[in-house]
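Protein chains in written order, with our numbering: chain Y, 2 to 116; chain L, 2 to 116. The beta carbon of each residue, even a glycine, is placed where N, CA and C say it ideally should be. Please read all numbers here as calculations on a predicted model, not as lab measurements. One structure is given here, and the rest of the page talks about it.
Protein chains: 2
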Amino acid sequence: MNEAQPDSQMLKGTLPMLILGLLRSGDSYGYQLVEDLRAIGLAQASSGTIYPLIARLEREGAIASYLLSSPSGPARKYYTLTDAGAHELRDTAARWDELCAIVIRALTRPPDPKE
Amino acid sequence: MNEAQPDSQMLKGTLPMLILGLLRSGDSYGYQLVEDLRAIGLAQASSGTIYPLIARLEREGAIASYLLSSPSGPARKYYTLTDAGAHELRDTAARWDELCAIVIRALTRPPDPKE
DNA sequence: CCCTGTAGCTTGCTATGCAAGGTAGTGGCC
DNA sequence: GGCCACTACCTTGCATAGCAAGCTACAGGG
Numbered sequence: 002m003n004e005a006q007p008d009s010q011m012l013k014g015t016l017p018m019l020i021l022g023l024l025r026s027g028d029s030y031g032y033q034l035v036e037d038l039r040a041i042g043l044a045q046a047s048s049g050t051i052y053p054l055i056a057r058l059e060r061e062g063a064i065a066s067y068l069l070s071s072p073s074g075p076a077r078k079y080y081t082l083t084d085a086g087a088h089e090l091r092d093t094a095a096r097w098d099e100l101c102a103i104v105i106r107a108l109t110r111p112p113d114p115k116e
Numbered sequence: 002m003n004e005a006q007p008d009s010q011m012l013k014g015t016l017p018m019l020i021l022g023l024l025r026s027g028d029s030y031g032y033q034l035v036e037d038l039r040a041i042g043l044a045q046a047s048s049g050t051i052y053p054l055i056a057r058l059e060r061e062g063a064i065a066s067y068l069l070s071s072p073s074g075p076a077r078k079y080y081t082l083t084d085a086g087a088h089e090l091r092d093t094a095a096r097w098d099e100l101c102a103i104v105i106r107a108l109t110r111p112p113d114p115k116e
């Protein structure tokens with residue numbers, strides 16, 4: 002029943018891609034992004050990871066922010082994907098695909114007959 | 002022409018799986034494993050990464066080693082997959098599959114209609 | 001008045017990939 | 001002999017990034 006959770010090391014480098022990917026389907030804010038990540042299977046997603054990450058993405062220009070008041074708490078800081086961010090997402094996804102291909106090659110390699 | 006290379010962060014946590022996967026097709030040694038990783042597409046694979054990693058895997062009992070003289074240099078330290086290592090490989094591969102599923106969910110999420 | 005939920009953020013820890021460098025054995029070349 | 005290249009092993013120091021823990025603050029309910 003307990004679904005295997007990807008450990009935190011395995012997650013490294015893929016999280017920015019996940020955030021940018023989520024933002025592609027509409028603007029969002031930190032708290033919501035954490036919940037979205039949990040909803041798609043990343044139970045370990047924590048705000049201590051996400052907030053520094055989105056701060057970095059904004060600093061790098063991949064996302065931009067604006068404030069909107071919340072009906073149930075402090076103001077929300079919404080993030081939107083910039084053109085640079087969309088480009089970055091495509092690049093990162095290409096690297097991800099390449100990594101997937103490498104993993105497949107390593108795990109499906111035929112047995113060495115000389116042994 | 003230049004194939005996208007997965008960056009080093011993205012690689013974290015998957016390298017042990019790759020090593021164990023390669024060893025499943027036959028015993029090998031550090032130098033050879035580095036070359037194998039390059040052959041399957043990981044151009045950045047370096048001995049400074051692999052040697053500490055296989056040392057850790059042996060310490061943890063996932064692999065075991067034995068020495069064999071080389072026809073062209075110092076003795077080779079061959080590594081073989083233990084039962085624990087095979088088990089570890091299955092577990093890690095399950096976590097990898099789960100991560101792949103999460104990535105797909107994040108990148109193929111339908112656009113938010115409310116926007 | 002406190003507790004829960006929402007929403008933002010920081011600090012300190014840790015794991016790990018990698019460049020750089022170091023040692024050694026074998027063989028080829030001048 | 002002296003030098004270089006290739007093979008083969010290993011270590012040190014650094015940078016990155018995920019995460020637990022903790023902090024502040026607003027809103028509403030008991």
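| query | result |
| --- | --- |
| Can you look up Leu68 (chain Y) in the DSSP assignment and give me helix, strand or coil? | strand |
| Which same chain residues, not among the five before or five after Ser71 (chain L), have their C-beta less than 6 Å away from its C-beta? | Arg77 |
| Buried or exposed for Pro7 (chain Y), please, with buried defined as at least 16 other CB atoms from any protein chain shown within 10 angstroms of its CB. | buried |
| Inspect the beta-carbon positions of Gly74 (chain L) and Ile51 (chain L) and report whether they are closer than 8 Å. | no |
| Return the residue from the list Y:Ser26, Y:Leu58 and Y:Leu108 that minimises the CA-CA distance to Asp98 (chain L). | Y:Leu108 |
| Cα-Cα, which of Y:Ile20, Y:Ile103, Y:Arg106 and Y:Ile41 is closest to Glu59 (chain Y)? | Y:Ile20 |
| Can you tell me which residues form a DSSP beta bridge with Thr81 (chain L)? | L:Ala65 |
| Please go through the same chain and pick out, in chain order, the residues whose beta-carbon is closer than 7 Å to the beta-carbon of Ala63 (chain Y), but skip the five residues on each side of it. | Leu21, Thr83, Ala85, Gly86 and Glu89 |
| Identify which residue in Y:Tyr79, Y:Ala56 and Y:Arg110 has its Cα closest to the Cα of Ser66 (chain Y). | Y:Tyr79 |
| What would DSSP say about Pro75 (chain L), mapped onto helix, strand or coil? | strand |
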